[in-house]
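Q: Heads up: the sequence lines are chains Z and W, in that order.
If you're matching positions, the first sequence starts at 8 in the numbering used here and goes up one per residue.
If you're matching positions, the second sequence starts at 8 in the numbering used here and goes up one per residue.
Think of the CB as a built atom: it goes at the ideal place given N, C-alpha and C, for glycine as much as any other residue.
For clarity, every value in this text was computed on a predicted model and none was experimentally measured.
Here's a structure for you.
Protein chains: 2
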Amino acid sequence: MANRKATRIIALADALAARRVLHLKDAAALLGVSEMTIRRDIADNPGLFGYLGGHIVPAADIDADAPYDLAREADSHATAKREACVHAARHIRPDETIFIDCGTTLEYLVDLIPENYSITAVCYSLNVADRLTRRPNARIVMLGGVYHPSSASFSGNSGLETLNHLGINVAFLSAAGVDPARGATCVHFHEVPVKQKVISLARESYLVVDKSKIGKLKPAFFAPLTAFRAVITEGGEAALSVLEAPSG
Amino acid sequence: MANRKATRIIALADALAARRVLHLKDAAALLGVSEMTIRRDIADNPGLFGYLGGHIVPAADIDADAPYDLAREADSHATAKREACVHAARHIRPDETIFIDCGTTLEYLVDLIPENYSITAVCYSLNVADRLTRRPNARIVMLGGVYHPSSASFSGNSGLETLNHLGINVAFLSAAGVDPARGATCVHFHEVPVKQKVISLARESYLVVDKSKIGKLKPAFFAPLTAFRAVITEGGEAALSVLEAPSG
DNA sequence: CATCATTTGTGAGAAATATCACAAATGGGG
DNA sequence: CCCCATTTGTGATATTTCTCACAAATGATG
C-alpha cells in the first residue's frame, strides 16, 4: 500500500533527475496517476521535490538552505562585484592560464571570459569550478584538499604542491579586507598559503574587490598591496597610492 | 533608454543570485515596474532567466543543457543504482573514512549516509562533491587535478599523491563494465590510476553497479573482481562466483 | 471475505497566471 | 523643442493552476 506510493516517489525523483523540470500534467501522465496524486506526493516530500507554479523541480534547485555558506552573502554588493570583474576580465588573454580565487566576487569573472578564448583556469573552490564547467573552451585545474564550507574551497599540501607544476600567467585574487597600510586580508586562514603561493608564482596578480572591502582589516593577512599589479574595483583599476575608504 | 532596461536586468539577475527563486509579483515590486515589464525582461533574456509558472529562476537551474555529460545518462537505471547504493550504504560505519568513486551510480550513496554519522568522504568528482556539501556531518576531501567533463572528475599526480596521506576504511568503486573473467572496466583511462591506488590502499573495497553493467567489457581495465570484498547490485551483494549476465 | 485505515480520483468554484492590443511615457537625434 | 523609435503600463479576456470536499478504490488485517 505504502509500497505503491514509495515506488512512484522514486520514479518521480528519477524522472526529475533526468529532466530537471517536469510539468505537473506530464508527471501525472508519465506515472499514470491523477494530478492530484502528484500534488500530494510533492507536498509530502518537501525535501525531495520543489514546486513552482505547475512545475516540479529538484528541491536542491530552489532550496533556500544554502549549499554553502556563501549563498547568504551572495547578494551583497553583487552589482559592484560584477562590475569589478568586467574590468578584471580585460587582463584575460587567449591561450593563457589564469588563477581564480575563491569567494563570490570572482565567480562573476568566469562568465566574462570571452566565449572564443580557450584558456586554462586554476581554481580551488566548488562554486568557481561549477561555473567553469559550463564553459566549453576552458580547461579546468582544481587544487584539491580538505573542504571548507565557509568558502566552498579546498586546502591542503597536495593542492599547494600542484601549483609547482603549473605556469600561471594571470592570477585574480580576492580579499575580505583591503587596508592601505597593512594590505590584503581574508577571513579564513586556510586560504592564506594558497593565495601566497599563487602570488609568488604568477606572472601578474590582480586584487579584485568591491569598494566596500577597502579600509577593512580581517584576521588573516596574505599580501601587501605592492604584491599586485593593481587593485581592481567597480570603479576600475585603482593606482595603489590613491586608495581610500569609500565615501559612504 | 536601453540603459534603464540593462540596469534593471542586472538588478534582477542579482536579486535572483541571492534568492534562487523570485516571484513575478515580488520582482515587479522590488524593481518598481509592472509585471508586464518583468515578463518581457525574462522573455528577452532566455539565457539568463528561467521562468516557471509565475516564478523566476536562474536559467542554469532549469537549463536542459547539461552542465556535465553525466546528466544525459542520469536517468538510465536510476532506480537500480539507487537500490544498489542502499545495499552498499550498510558498509558505512560512523567516524570512518570512505572513498566514493565518480559516476552517477555512487551519487545516490551520499544521500544514504545516515544523518547522524560523522564521516570523512574522499572523492574526485564534482557531482559527488556537490552532494557531499549538503551533508552537515561530512568532512570532504577532494582529489584535485585536471577536469574531465565526461565524468565530471579530476585526475592528476597530486590527487594520487594525496591518497598517500589518507587512511581509507571503505572504498566504493563503480564500473561501466563487469566481466566475470576479465574483471572491472571503465570508459575513461584517466580514472584508472585513481581507482587502482584506492583499491590498493583501502581496507575494504566494494564494486557498486547496476546489473546492466554485468557482462559488459569497456576499454579501460582497472581491477579483477577478486580485488573486491563483494560486487553490490540492486539485488544485493553477489558472491563473485555467482555472477552472471542479466536475464533480460 | 468482511472491515477499516489509507490512498487515490473527480469535479466545481476560486484564485492566479498568460496573452493581447492599445495607450502612455521615455530618451535620443535633429 | 519636436519627432520618432522604443519601452512601459493598463485592462479585459482566456487559460491554467489551486483548493477542497466527497466518492471510489486499494491493501492490510483478522
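Is there a Cβ of chain W sitting closer than 7 Å to that of Thr104/Z, yes or no?
A: The residue labelled residue 104/Z in the question sits at position 97 within the first sequence. No, no contact with chain W.
Q: Exposed or buried, what is Glu122/Z when buried is set at 16 or more other beta-carbons lying within 10 Å of its beta-carbon?
A: On the first sequence, position 115 is the one that residue 122/Z refers to. Glu122/Z is exposed by the Cβ-count criterion.
Q: Answer with buried or exposed for Phe196/Z, where buried requires no fewer than 16 other C-beta atoms within 10 angstroms of its C-beta.
A: Mapped onto the first sequence, residue 196/Z falls at position 189. It counts as exposed.
Q: Hey, which unbroken runs of the alpha helix (DSSP H) at 4 residues or more fall wholly within the segment 88 to 167 of chain Z?
A: Whole alpha helix (DSSP H) segments, 4+ residues: 114 to 118 and 133 to 140.
Q: Taking 7 Å as the CB-CB cut-off, is Leu23/Z touching chain W?
A: Here residue 23/Z is taken as the residue at index 16 of the first sequence, counted from 1. Chain W contact via Cβ: absent.
Q: Ends of the beta strand (DSSP E) at Thr240/W?
A: Residue mapping note: residue 240/W aligns to position 233 of the second sequence, counting from 1. Ala237 to Thr240 is the span of the beta strand (DSSP E), which, as asked, contains Thr240/W.
Q: So with CB distances below 9 Å, who are the chain W contacts of His62/Z?
A: The residue you call residue 62/Z lines up with position 55 of the first sequence. Per Cβ cutoff of 9 Å: Leu59, Gly60, His62 and Ile69.
Q: Counting only Cβ pairs nearer than 8 Å, list the residues of chain Z close to Ile221/W.
A: Against the second sequence, residue 221/W aligns to sequence position 214. Simply none; closest approach about 21 Å.
Q: Work out the CA separation of Ile63/Z and Ser41/Z for me, nearest whole Å.
A: Residue mapping note: residue 41/Z aligns to position 34 of the first sequence, counting from 1. Residue mapping note: residue 63/Z aligns to position 56 of the first sequence, counting from 1. The alpha-carbon atoms of Ser41/Z and Ile63/Z are separated by roughly 15 Å.
Q: So what's Ala85/W in DSSP terms, helix, strand or just coil?
A: Position 78 of the second sequence, counting from 1, holds the residue named residue 85/W. In the structure shown, Ala85/W sits in a helix (DSSP, three-state: H, G or I).
Q: Considering only residues of the same chain and omitting the five flanking positions on each side of Leu59/W, which have a CB-CB separation below 8 Å?
A: Start at 1 with the first residue of the second sequence, and residue 59/W comes out as number 52. Hits under 8 Å: Ile69.
Q: Alpha carbon to alpha carbon, how far is Ser181/Z from Ala20/W? Give it in angstroms, no decimals.
A: The count along the second sequence starts at 1 and reaches residue 20/W at position 13. The count along the first sequence starts at 1 and reaches residue 181/Z at position 174. Their Cα atoms are separated by approximately 22 Å.
Q: Note down, in chain order, every chain W residue with its Cβ under 8 Å from the Cβ of Val216/Z.
A: In the first sequence, counting from the first residue as 1, residue 216/Z sits at position 209. Simply none; closest approach about 17 Å.
Q: Interface residues of chain W around Leu266/Z at Cβ under 7 Å?
A: Not covered by the structure: residue 266/Z. The range shown for chain Z is 8 to 255.
Q: So, Leu224/W versus Gly166/W, is the Cβ gap smaller than 7 Å?
A: On the second sequence, position 217 is the one that residue 224/W refers to. On the second sequence, position 159 is the one that residue 166/W refers to. It is not a contact, given that the beta carbons lie outside the stated cut-off.
Q: Checking contacts by CB at 7 Å: is Arg27/W closer than that to chain Z?
A: Stepping through the second sequence from its first residue, residue 27/W is reached at position 20. It does: the Cβ of Arg27/W has a partner Cβ on chain Z nearer than 7 Å.
Q: Do Ala191/W and Leu214/W have their beta-carbon atoms positioned less than 7 Å apart in this structure?
A: Within the second sequence, residue 214/W is the residue found at index 207, counting from 1. Within the second sequence, residue 191/W is the residue found at index 184, counting from 1. Their beta carbons are under 7 Å apart, which means Leu214/W touches Ala191/W by this criterion.
Q: Quick check on the burial criterion: 16 or more other C-beta atoms within 10 angstroms. Buried or exposed for His172/W?
A: As a working note, residue 172/W is residue 165 in the second sequence. With fewer than 16 Cβ atoms within 10 Å of its Cβ, His172/W is classed as exposed.
Q: Assign Lys32/W to buried or exposed, taking buried as 16 or more other Cβ atoms, counted over all protein chains shown, within 10 Å of its Cβ.
A: Position 25 of the second sequence, counted from the first residue, corresponds to residue 32/W. Exposed: under 16 other Cβ atoms inside 10 Å.
Q: Out of curiosity, what's the CA-to-CA distance linking Ile120/W and Phe229/W?
A: Residue numbering aside, residue 120/W sits at position 113 when the second sequence is read from its first letter. Residue numbering aside, residue 229/W sits at position 222 when the second sequence is read from its first letter. Near 26 Å, if we compare the C-alpha coordinates of Phe229/W and Ile120/W.
Q: For Gly54/Z, which of Asp118/W, Ser207/W, Ala25/W and Val194/W has the nearest alpha-carbon?
A: Stepping through the first sequence from its first residue, residue 54/Z is reached at position 47. Minimum Cα distance to Gly54/Z is reached at Asp118/W.
Q: With a cut-off of 7 Å, does the C-beta of Ala87/W fall near any C-beta of chain Z?
A: One-based indexing of the second sequence puts residue 87/W at position 80. No, Ala87/W lies away from the interface with chain Z (no Cβ there is under 7 Å from its Cβ).
Q: Does chain Z have any CB closer than 7 Å to the CB of Thr169/W?
A: Position 162 of the second sequence holds residue 169/W. Closer than 7 Å to some Cβ of chain Z, the Cβ of Thr169/W qualifies, so yes.
Q: Can you tell me whether Ala36/Z is buried or exposed? The criterion is at least 16 other CB atoms within 10 Å of its CB, across all chains shown.
A: Position 29 of the first sequence holds residue 36/Z. Classification of Ala36/Z: exposed, given that the 10 Å Cβ count is below 16.
Q: Is it buried or exposed for Ala188/W, if we count other Cβ within 10 angstroms and need 16 for buried?
A: Here residue 188/W refers to the residue found at position 181 when the second sequence is read from its first residue. Exposed, because fewer than 16 other Cβ atoms sit within 10 Å of the Cβ of Ala188/W.
Q: Only counting the same chain, and skipping five residues up and downstream in sequence, which positions put a Cβ closer than 7 Å to that of Thr127/W?
A: Here residue 127/W is taken as the residue at index 120 of the second sequence, counted from 1. For Thr127/W, where only same-chain residues beyond five positions count, the Cβ hits under 7 Å are Thr104, Arg146 and Val148.
Q: Is Gly174/Z close to chain W? Criterion is C-beta to C-beta, closer than 7 Å.
A: Within the first sequence, residue 174/Z is the residue found at index 167, counting from 1. So, not an interface residue.
Q: In chain order, what are the residue ranges of uninterrupted beta strand (DSSP E) at least 3 long that sit wholly in the segment 196 to 220 of chain W?
A: DSSP runs (the beta strand (DSSP E)) wholly in the segment 196 to 220 of chain W: 211 to 215.
Q: Can you name the residues of chain W whose CB is closer than 7 Å to the CB of Ser181/Z?
A: The residue you call residue 181/Z lines up with position 174 of the first sequence. Within 7 Å Cβ-Cβ: nothing; Ser181/Z doesn't reach chain W, min ~16 Å.
Q: At the level of alpha carbons, what is the spacing between Ile175/Z and Val129/W?
A: Here residue 175/Z corresponds to residue number 168 of the first sequence, with the count starting at 1. Here residue 129/W corresponds to residue number 122 of the second sequence, with the count starting at 1. Answer to the nearest angstrom: the Cα atoms are 27 Å apart.
Q: Hey, Gly151/Z and Gly151/W: beta-carbon distance below 7 Å or not?
A: Position 144 of the first sequence, counted from the start, is the residue given in the question as residue 151/Z. Position 144 of the second sequence, counted from the start, is the residue given in the question as residue 151/W. Closer than 7 Å, so yes.
Q: Using 8 Å for Cβ pairs, my map puts Phe106/W next to Ala159/W. What's the rounded Cβ distance?
A: Locating residue 106/W in the second sequence gives position 99, where the first residue counts as 1. Locating residue 159/W in the second sequence gives position 152, where the first residue counts as 1. Not really, about 16 Å apart at Cβ, beyond 8 Å.
Q: May I ask you to report which of helix, strand or coil DSSP gives Ile17/W?
A: By 1-based counting over the second sequence, the position of residue 17/W is 10. Note: Ile17/W maps to helix in three-state DSSP.
Q: Could you check whether the Cβ of Gly166/W sits closer than 7 Å to any Cβ belonging to chain Z?
A: Along the second sequence, one-based indexing puts residue 166/W at 159. So, interface residue.
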